[in-house]
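Here is the structure we will look at.
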């Protein structure tokens, strides 16, 4: 069963989104500038995987949006 | 503004190494995320992302090694392995004696203990191919 996100989980998800974002850019630069064909090819594939990962993390935030309380609990 | 000259400012191995280092770091962060998760769905998502990232890191390492961009550490000597086996066999014996003295020889296995995968089984090819982290998509 899906539970509301904890503050910690939110932090990890948001940090992970930043990581995937940076990796997408790094892979794009490497795919565009590297001269080794194997590296170029791999980075092109990686860029797509990182975009998928980014979307997975974003979907997790979306999925938990409606479950989140609007006021802090006292417990 | 953006010019399409695509000239490398860094050599290929530096570019690749930067990504490799980040993939190692991100793998660890996903593992931490999974261990810190409260919600099962979040734990599963981080576990899947960890497997995917670990897989990418392995692929990049392999390509870098093939292109002589990464020199693997030199092999350790046989006598060093022999020494470690000897030391750790003795250590295991001591630990087993200690455990026996604590439990009084009655080792209670938790339910499902027999189903646990041993490291040997993992080496025999029981590793699952990482799944796509499509839990939420």
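Chains as they are written, first to last, in this note's numbering: chain U, 37 to 111; chain A, 17 to 153.
The beta carbon of each residue, even a glycine, is placed where N, CA and C say it ideally should be.
Everything numeric in this text was worked out from a predicted model, so none of it was measured.
As for any alpha helix (DSSP H) of minimum length 4 sitting wholly inside the stretch 85-129 of chain A, the runs are 94-119, ordered along the chain. Excluding residues up to 5 positions away in sequence, 79 lie with their Cβ nearer than 6 Å to the Cβ of residue 66/U in the same chain. The beta carbon of residue 84/A sits no closer than 7 Å to any beta carbon of chain U.
The beta carbon of residue 50/A is closer than 7 Å to those of 59, 62, 63 and 66 in its chain, skipping five residues each way along the sequence. Residue environment: residue 85/U is assigned as buried (16 or more neighbouring CB atoms within 10 Å of its CB, all protein chains considered). With a threshold of 7 Å between beta carbons, residue 45/U makes contact with chain A.
With the rule of 3 Cβ pairs closer than 8 Å, the stretch 23-36 of chain A counts as touching the stretch 60-74 of chain U.
According to the DSSP assignment, residue 37/U belongs to no alpha helix (DSSP H), since it is labelled neither H nor E.
Proximity of chain U to residue 68/A at the Cβ level (cut-off 8 Å) is accounted for by 85 and 89, in chain order. Residue 53/U does not reach chain A, its nearest Cβ partner there being about 11 Å away, counting only Cβ pairs nearer than 7 Å. If you compare the alpha carbons of 68/A, 53/A, 46/A and 47/A with that of residue 81/U, the shortest gap goes to 68/A. Where residue 82/A is concerned, the enclosing alpha helix (DSSP H) starts and stops at 56-82.
For residue 72/U, a Cβ of chain A is located within less than 7 Å of the residue's own Cβ. The C-beta of residue 32/A comes closer than 7 Å to at least one C-beta of chain U.
The Cβ-Cβ distance between residue 99/U and residue 40/U does not fall below 7 Å. The DSSP-derived three-state label of residue 22/A is coil. Relative to residue 53/A, the option among 102/U, 46/U, 94/U and 74/U whose CA is nearest is 46/U. In the three-state scheme derived from DSSP, where H, G and I count as helix and E and B as strand, residue 64/U is classed as helix.
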